[in-house]
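Single-structure report; data block below.
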Amino acid sequence: MSEKPLTARPEIEVRGLHKSFGDNEVLRGIDLEIEQGEVVCVIGPSGSGKSTLLRCVNLLEEPTKGQVFVGGTELTDPDVDIDAVRRRIGMVFQQFNLFPHLTVTENLTLPQRRVLKRDKATAAKVAAENLERVGLSEKANAYPASLSGGQQQRVAIARSLSMGPEVMLFDEPTSALDPELVGDVLGVMRMLANEGMTMMVVTHEMTFAREVADRVVFMDGGVVVEDGTPAQVIGDPAHERTRHFLSRLIDPAMAEVEEETSDQVGEND
Ligand SMILES: Nc1ncnc2c1ncn2[C@@H]1O[C@H](COP(=O)(O)OP(=O)(O)O)[C@@H](O)[C@H]1O
Ligand SMILES: [Mg+2]
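According to UniProt numbering, the residues represented by the sequence shown are 1 to 269, in order.
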């Protein structure tokens with residue numbers, strides 16, 4: 001494979017990524033490319049390594065082997081200024097991790113001032129702009145405890161956007177929310193996708209994946225099993241493991257029946 005010129009580089013590039021925790025090899029050779037402006041949803045069963053992959057993409061976990069590039073910069077280069085690269089990567093987790101003793105605005109201005117050294121007025125202006133983007137301007141002076149989970153997650157997204165990231169990583173951002181609050185958070189993510197943000201989203205929201213993702217990646221056992229358009233991977237999966245996973249999501253009751261049946265015939269692995 002020849003080296004591509006720098007300008008044609010994908011925004012996120014993962015090459016031959018392995019990650020072990022002790023004897024447990026969690027990622028077993030991941031290759032992935034995400035172009036600028038692309039939205040890629042990562043799906044797969046619990047324990048398949050989705051979170052570890054995301055955490056390796058911003059070096060919250062150090063890969064055991066392989067390379068990670070973001071915006072053409074190799075994060076896995078030992079000489080890289082990792083703090084500088086990390087500033088270009090926003091991350092949103094299942095848990096919102098807002099400071100409970102700070103107002104919404106203060107939650108958004110604090111990291112800008114600490115990390116980006118922005119002055120108070122600039123940080124406040126950026127905070128206000130991003131609160132407006134997520135539809136929460138009226139909550140600027142509220143404390144997190146007075147907000148719903150969905151509102152807190154939108155604040156967490158606004159906090160991340162206030163740092164001006166080039167790419168956004170989402171790790172099951174709606175999994176901790178009551179079902180009626182999921183839609184607003186997905187709406188904000190859809191807006192970001194439409195604005196051209198490069199996004200990598202671990203999610204179980206198949207409707208979102210179908211409608212918003214350019215590509216869907218199915219992971220199982222620390223490898224990428226399928227990588228294609230939503231129509232391919234969700235609509236017409238090529239692998240039995242993908243079909244099995246999707247059938248459980250679509251009909252959990254059916255999956256239980258299947259499991260009991262396979263227990264009886266001793267096929268469970
Ligand atoms: N910090 C860690 N230390 C040890 N094992 C870990 C750590 N993080 C994840 N693992 C293990 O890695 C595997 C994959 O976890 P994870 O990436 O969280 O999967 P997923 O997000 O797909 O559910 C699991 O077996 C988990 O126990
Ligand atoms: Mg996870």
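Ideal Cβ positions, reconstructed from N, Cα and C, are used throughout, including at glycine.
Once DSSP output is grouped into helix, strand and coil, what is the label at residue i?
{"i": "S148", "result": "coil"}
{"i": "L53", "result": "helix"}
{"i": "V185", "result": "helix"}
{"i": "E13", "result": "strand"}
{"i": "V39", "result": "strand"}
{"i": "R101", "result": "Strictly speaking, residue 101 in this sequence is His, with Arg absent from that position. In the structure shown, H101 sits in coil (DSSP, three-state: anything other than H, G, I, E or B)."}
{"i": "V134", "result": "coil"}
{"i": "S247", "result": "helix"}
{"i": "E25", "result": "strand"}
{"i": "R210", "result": "helix"}
{"i": "T198", "result": "strand"}
{"i": "R113", "result": "helix"}
Since residue i and residue j are thought to touch, with beta carbons under 8 Å apart, how far apart are those beta carbons, to the nearest angstrom?
{"i": "I30", "j": "L53", "result": "6 Å"}
{"i": "F69", "j": "R9", "result": "7 Å"}
{"i": "G222", "j": "V26", "result": "5 Å"}
{"i": "G44", "j": "D220", "result": "5 Å"}
{"i": "T229", "j": "C41", "result": "Not really, about 11 Å apart at Cβ, beyond 8 Å."}
{"i": "G150", "j": "L131", "result": "Contact flag wrong, Cβ pair sits at about 14 Å."}
{"i": "F96", "j": "Q36", "result": "So it is not a contact: roughly 27 Å between Cβ atoms."}
Counting only the same chain and skipping the five closest in sequence on each side, list residues whose C-beta sits under 7 Å from that of residue i.
{"i": "A193", "result": "V39, M199, V212"}
{"i": "L186", "result": "T174, E205, F208"}
{"i": "N58", "result": "R86, I89, M91, L169"}
{"i": "K19", "result": "V26, L27, T52, C56, E61, P63, T64"}
Tell me which same chain residues have a C-beta within less than 8 Å of the C-beta of residue i, skipping the five on either side of it?
{"i": "S103", "result": "Reading off the sequence, residue 103 comes out as Thr, not Ser. Only A140, N141, A142, Y143 meet the Cβ criterion."}
{"i": "N107", "result": "L98, F99, P144, V155, R159"}
{"i": "E74", "result": "Q67, V68, V80"}
{"i": "S48", "result": "M219, D220, G221, G222"}
So with Cβ pairs under 9 Å, would you call residue i a contact of chain D?
{"i": "T52", "result": "The chain labelled as chain D is not found in the depicted structure, where only one protein chain is given."}
Would the stretch 86-103 count as touching the stretch 236-245 if we require 3 or more Cβ pairs under 8 Å? no
How would the residue list near ligand 1 read, in chain order, if you kept each one whose beta-carbon is closer than 5 Å to any heavy atom? F21, V26, S46, G47, S48, G49, K50, S51, T52
Counting Cβ pairs, one atom from each stretch, are 3 or more of them under 8 Å apart for the stretch 118-130 and the stretch 66-85? no
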